[in-house]
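All residue numbers for the sequence shown refer to the working numbering, where the first residue is 227 and numbers rise by one.
For every residue, glycine included, the Cβ atom is placed at its ideal position computed from N, Cα and C.
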Amino acid sequence: MTMTRRSLMVASAPLLCWRGALAQGSYPNRPIKVVAPFTAGAAADTLLRRVTESAGKLLGQAMVVENKPGAQAAIAARIVARASPDGYTLMMGGNSSHAANVHTLKNAGYDPVADFTPITQLSLNPLMLVVPASLPVRTVKEFIQYARDRPGKLSYATGNSGMLVAAKLLTTQASIDALAVNYPGAAPATTDLLAGRIDFIMNDPVVAAPFVKTGQLRVLGVTSRQRIALFPDVAPLAEQGLPDYEYTSWSAMFAPAGLPADIVRKLHQVFTHVMADPAMQAFAASAGIIPMTSTAPVQLRVYVQEQISLWGRWARVAGLAPE
């Protein structure tokens, strides 16, 4: 019995030391608001609530998610950009709020670099090339040939700027002529894909997964450079005849510009610990998400700047103009 207790104490020592170091300082001493640029119940919202629940327990204060969708994530970004840099207002941002909007909005009302303090990246979110099971193709090579044999006759769904860019990268690199059909989101687009009213879509893995499992839809490839745990047998498009293809959206935690360095360090430590937890890794895998666990704040700032430049090129490919 004594040995069991002693072994437990030894095994727990690193965690106790970690929590002890985290507890130093007065922050936080009240709940922390985390602004989300998407609707409650969305896939990203589910991830955020799992992350903030775990982070709040480590910090000893609740993290309260406040959903502020609209204007391509600009509404949420403006709220956080104008908040006090005291650590009590954070944002789960991503490629829309911190990259695409530079090129797709005439006046976003904030600067994605100057107005924010980067904390850490949380995830990469690939899409998948999905077709109805009735389409007579089973590989990317077959799909490309099928589309080339029918120039201008195939249609694809776009539910947001990411879906559009991912599809335009595909049609451009594969030399496919297809018609884009705009939808208000991935869910209604998937409904029409199931009905055969459109021919393909660059879809969110978690949206398509139930219909792939029932055999109604077929996944041909993933848009990231690496495979995803949800569909481990599906190869990236880059491995299937499109060597230059890569598209992923992403999420990261941000605070208003000017956040004190000690709070930045504490929040980075907490979110990194949360994303490295095996339970969180398993949850992310089940949603088709690639969790990120070690992006330092300075690395995230550089990443955002690179993404802004990348989205400039993507916007030109997709024909996106500021609105």
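- In the three-state scheme derived from DSSP, where H, G and I count as helix and E and B as strand, Phe426 is classed as strand.
- 8 Å or more divides the Cβ of Ala483 from the Cβ of Leu526.
- Secondary structure within the segment 384-429: the beta strand (DSSP E) runs of 3 or more consecutive residues, fully enclosed, are 404-408, 426-429 (chain order).
- The beta carbons of Leu390 and Pro548 sit about 15 Å from each other, so the pair does not count as a contact at 8 Å.
- Taking C-beta atoms as the reference points, Asn293 and Asp271 count as a pair closer than 8 Å.
- Assignment of alpha helix (DSSP H) within the segment 320-385, counting only whole runs of 4 or more residues, yields 327-330, 366-374 in chain order.
- For Val277, there is no enclosing beta strand (DSSP E); the residue is found in the alpha helix (DSSP H) stretching over 269-285.
- With a threshold of 16 other beta carbon atoms within 10 Å, Ala325 meets it and is buried.
- Each of Thr265, Ile516, Val261, Val328 was checked against the Cα of Ala303, and the nearest Cα belongs to Val261.
- A direct Cα-to-Cα measurement between Lys283 and Thr498 gives close to 14 Å.
- DSSP links Glu472 through a beta bridge to no other residue.
- Cα atoms of Pro486 and Thr398: separation of roughly 45 Å, rounded to the nearest angstrom.
- Here DSSP, grouped into helix, strand and coil, assigns Ala266 to coil.
- Put simply, the segment 333-341 does not touch the segment 355-362. Fewer than three CB pairs are less than 8 Å apart.
- Nearest to Ala513 by alpha-carbon distance, out of Ile345, Tyr253, Ala269, is Ala269.
- Sequence-distant partners of Ala541 (beyond 5 residues in either direction) whose C-beta falls short of 7 Å from its own C-beta, in its chain, are His329, Thr330.
- Spanning the alpha carbons of Tyr382 and Tyr529 requires a straight line of approximately 30 Å.
- With fewer than 16 other Cβ atoms inside 10 Å of its own Cβ, Arg308 counts as exposed.
- For Glu532, the uninterrupted alpha helix (DSSP H) segment begins and ends at 523-544.
- Here Ile515 carries a coil assignment [DSSP, helix/strand/coil].
- Just measuring C-alpha positions, the residue of Leu273, Phe457, Phe426, Asp418 sitting nearest Ser349 is Leu273.
- Put simply, the segment 308-321 does not touch the segment 448-462. Fewer than three CB pairs are less than 8 Å apart.
- Within the segment 433-506, the alpha helix (DSSP H) runs of at least 4 residues that lie entirely inside it are, in chain order, 487-502.
- Between the beta-carbon of Arg275 and that of Met506 there is about 12 Å, and that puts the pair past the 8 Å contact cut.
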